[in-house]
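**Q**
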Amino acid sequence: MFDVLITSDDVTRGKPDPQGCLACCAALGVEPSTVVVFEDAPAGVMAAKRAGADCVAITSTQSPAALAAADLIVPDLTGMTWPPPTPSVAAATRAEA
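Under this note's numbering, think of the first position of the sequence shown as 43, with each following residue one higher.
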């Protein structure tokens with residue numbers, strides 16, 4: 043199902059340190075700036091942003107205010123598509139977050 047799986051056994055520093063995100067990007071051979079991370083916790087959002095990735099926060103366990111550092115905040119993944127349909131939609135969702 044997944045090409046790469048990074049767990050706490052693979053890193054020495056946990057979130058909000060970006061080590062896990064960076065390790066995953068390295069294993070995939072991609073730059074963090076080309077990645078979208080889905081998170082439901084403030085520490086995870088911070089790790090993604092510190093790694094240089096875009097982040098979609100899901101408010102399943104935290105309030106939108108707690109996840110405010112994310113690029114996009116959604117209540118769940120229903121109807122979620124990536125990439126957004128057009129560049130203008132991507133810009134608008136970032137401006138609203």
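Here a beta-carbon is modelled for each residue, glycine too, at the ideal position from N, C-alpha and C.
1) At the level of alpha carbons, what is the spacing between residue 95 and residue 54?
2) What whole-angstrom Cβ distance do residue 52 and residue 70 have, given they're in contact under 8 angstroms?
3) Cα separation between residue 109 and residue 87?
4) State the start and end residues of the unbroken alpha helix (DSSP H) segment that holds residue 89.
5) In the DSSP output, what is residue 45 paired with across the bridge?
6) Have a look at 85, 99, 114 and 72 and flag the residue whose alpha-carbon is nearest the alpha-carbon of residue 60.
**A** Quick look at the numbers:
1) 20 angstroms
2) Going by Cβ atoms, the distance from residue 52 to residue 70 rounds to 13 angstroms, so no, they are not a contact pair.
3) 7 angstroms
4) 84-93
5) Note: residue 45 sits in no beta bridge, so no partner.
6) 85
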